[in-house]
Structures are given as C-alpha cells and as structure tokens.
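Trainee: Please find one structure pasted underneath; my questions will follow.
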Amino acid sequence: MASSSNLDSPTIQTVVFDVGETLVDESREYGSWADWLGVPRHTFSATFGAVIASGADYRDTFQVFRPGFNLTAEREARADAGAPESFGESDLYTDARPTLAALQASGLVVGIAGNQTARAEMILHNLNLPTDWITTSEHLGVEKPSPEFFAAIASLAGCETSEILYVGDRLDNDIAPAQAMGMATVLIRRGPWGHILHDPDTEARCLATIASLSELVDLLANG
1127 MASSSNLDSP TIQTVVFDVG ETLVDESREY GSWADWLGVP RHTFSATFGA
1177 VIASGADYRD TFQVFRPGFN LTAEREARAD AGAPESFGES DLYTDARPTL
1227 AALQASGLVV GIAGNQTARA EMILHNLNLP TDWITTSEHL GVEKPSPEFF
1277 AAIASLAGCE TSEILYVGDR LDNDIAPAQA MGMATVLIRR GPWGHILHDP
1327 DTEARCLATI ASLSELVDLL ANG
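Shown next, in the form of structure tokens:
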C-alpha cells in the first residue's frame, strides 16, 4: 500500500519512534498474555480489538477475563514464574532496523520513546538498534498522551518541536498529542490501533500515512 502524504515536510532534524506496533510486532507477547490468563488466543485478540474500538484503555481487556487484574503485579508474577514479558530481534518488524539505520546514515538524529517498562527499555538497548537515544515512560515517570512525555522528547532532541517527527501507530496516544506539541507526525497503519482507530482531522495533519517504515526514507529525502 502506498503512503498518502498531506503536507509539505518541515525541516526535520530528529525522528522519534514509538515502540509497540511501530518497531515491535506485539502479536507474540499478547498471545503470551492470553496463555497466562488461560484464554484462547483468538478470544483474547477479539476482545482486545473490541475494547480498542470502544475507546476504552486496552488494559481493560484483562478485566474482562479476570476482574481486578493488576497488570503491574501480574508482570511481576510472570517474571517470578520464569515467563516475563519479553521481545527480541525476531519480534522487530522487518522494516524497523533498516529504516533506523538509513535515517541515521542520512544525518538525522534517531530516537525511540514509547510507553514501555524499564525491562523493555533494557531489551531495546540490548538489541543495539541504530539510534541516538532510547527512553520509556517508566524511565521518564510520565506516560503518553501526557504533554510532559512529549516535552521530555523535545528536551532529549535538543531542537525545536517543529523539527521533530514522531512516528506511531496510535492516533490517540502518539499522533494527536505530538501534534499538539507542535511536532510533525507520521501515522503507520498497522497493529490493532492503526487499523481500528480513525480521526480524519488528525490524520489530515500528518505528513503522511504509511504502511511500512521504509517509506519514511523517501518521504524525508524528498520533503
């Protein structure tokens, strides 16, 4: 699927990527949560999509199957049981590493910033991705879509917000709040949020809507 571009690109100095469903395919990890709950994977996935479509927090999915579910406590229980949340090289989308490398080679500063745990941040560092910096919500002490999260990104980038491009799959958590901070945005249409959520006004303010991260290289080279 070709990208759709709506605006002339500003002078971008820094490109910042969300993690889940932008760089990392979370299918295996959500499948492991279904297994942990003792729920068929397709049932968990269907409920997950329904929760997203309703506009509720994705974490409400767990409440459907186990009322009172505490995600933090269950993460610890999984770790204690030798089955911690995890991802690796095989979970990266195939376009992730080549795109990060190409953008960095072109002279752009490349960052990663998502709503992730300290464990996920450690994994990202250990993957030795071609990036200039990596941070997460747990490290920052604030989550998307909070303006403070995107203010922290601007501080790490060390440039004007208009010179920062934020790339993500979620209109609600990634694109709209980044735009509100004056950042340029690109929506990647993959993962449950990327396909389920739609907001024509927010999408129209994106530099582009893409199906593959590889499209960013030409988009920024021609911007």
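Okay, so the sequence shown: first residue is 1127 according to my numbering, each after it adds one.
All C-beta atoms in this analysis are idealised placements derived from N, C-alpha and C, irrespective of residue type, glycine included.
Everything numeric in this text was worked out from a predicted model, so none of it was measured.
1. Could you tell me whether any Cβ in chain B is nearer than 8 Å to the Cβ of L1313?
2. Using three-state DSSP, classify S1310 as helix, strand or coil.
3. What residue range does the beta strand (DSSP E) around Y1156 cover?
4. Need the endpoints of the alpha helix (DSSP H) that S1236 sits in, please.
5. Could you say if the segment 1336 to 1346 and the segment 1212 to 1225 meet the contact criterion of at least three C-beta pairs nearer than 8 Å?
6. Of all the options D1183, L1149 and E1200, which has the alpha carbon lying nearest to the alpha carbon of D1161?
7. Hey, would you say V1142 sits closer than 8 Å to I1249, going by beta carbons?
8. Just to check my reading of the structure: V1236 and A1283 have Cβ atoms closer than 8 Å, yes? What is that Cβ distance to the nearest angstrom?
9. Using a Cβ-Cβ cut-off of 7 Å (strictly less than) and excluding sequence neighbours within five positions of A1128, which residues of its own chain qualify?
10. Taking P1318 as the reference, give the member of V1165, T1262, S1171 and L1163 with the closest Cα.
11. Per DSSP, which residues does L1218 bridge with? Please list them.
12. Pull up the distance between the alpha-carbon of S1180 and that of T1173, whole angstroms please.
13. Short of 6 Å in beta carbon distance, which residues of its chain neighbour D1325, apart from the five on each side in sequence? Order them along the chain.
14. If you draw a straight line from the alpha carbon of N1299 to that of R1154, how long is it in whole angstroms?
15. Whose C-alpha, out of R1192, M1307 and I1336, is nearest the C-alpha of P1273?
16. Hey, A1244 and H1265 are a contact pair by Cβ (cut 8 Å); roughly how many whole angstroms apart?
17. Skipping 5 residues on each side, what residues in its chain have a beta carbon closer than 8 Å to that of A1207?
18. Could you give the first and the last residue of the continuous alpha helix (DSSP H) run that contains V1142?
19. Between A1228, D1151, L1339 and N1241, which lies nearest to E1215 when the distance is taken from Cα to Cα?
20. Between L1323, T1198, D1295 and F1213, which lies nearest to G1175 when the distance is taken from Cα to Cα?
21. Can you tell me whether A1334 is helix, strand or coil according to DSSP?
22. Cβ atoms of L1218 and L1149: under 8 Å apart, would you say?
Mentor: Straight from the coordinates:
1. Looking at the structure shown, chain B is missing, and only one protein chain is on hand.
2. The sequence given here has Ala at residue 1310, not Ser. Of the three classes helix, strand and coil, the one that applies to A1310 here is strand, per DSSP.
3. Segment S1153 to L1163 is the alpha helix (DSSP H) holding Y1156; no beta strand (DSSP E) there.
4. The question names Ser, but residue 1236 is Val in the sequence shown. Per DSSP, V1236 belongs to no alpha helix (DSSP H); it is in the beta strand (DSSP E), V1235 to G1240.
5. Yes, since at least three Cβ pairs between the segment 1336 to 1346 and the segment 1212 to 1225 fall closer than 8 Å, the two stretches touch.
6. When only C-alpha atoms are compared, the closest one is E1200.
7. Contact flag unset, no.
8. With a Cβ gap of about 10 Å, V1236 and A1283 do not count as contacting.
9. Note that A1128 scores a pLDDT of 43, beneath 50, so its modelled location is shaky and nothing firm can be said.
10. Closest by alpha carbon: S1171.
11. Answer is V1150.
12. One alpha carbon belongs to S1180, the other to T1173, and they sit about 11 Å apart.
13. So the list reads L1297, once near-sequence residues are dropped.
14. Using only the alpha carbons, I get a separation of about 22 Å.
15. Closest option to P1273, judged by alpha-carbon separation, among R1192, M1307 and I1336: M1307.
16. The beta-carbon separation of A1244 and H1265, rounded to 6 Å, stays under the 8 Å limit for a contact.
17. The answer is none, since no qualifying residue turns up.
18. Looking at the DSSP string, V1142 is not in any alpha helix (DSSP H); the run it does join, the beta strand (DSSP E), is T1140 to F1143.
19. Of the listed residues, the one whose Cα sits closest to E1215 is D1151.
20. Of the candidates L1323, T1198, D1295 and F1213, the one whose C-alpha sits nearest the C-alpha of G1175 is L1323.
21. Residue state, collapsed to three classes: strand.
22. Result yes, Cβ atoms of L1149 and L1218 sit closer than 8 Å.
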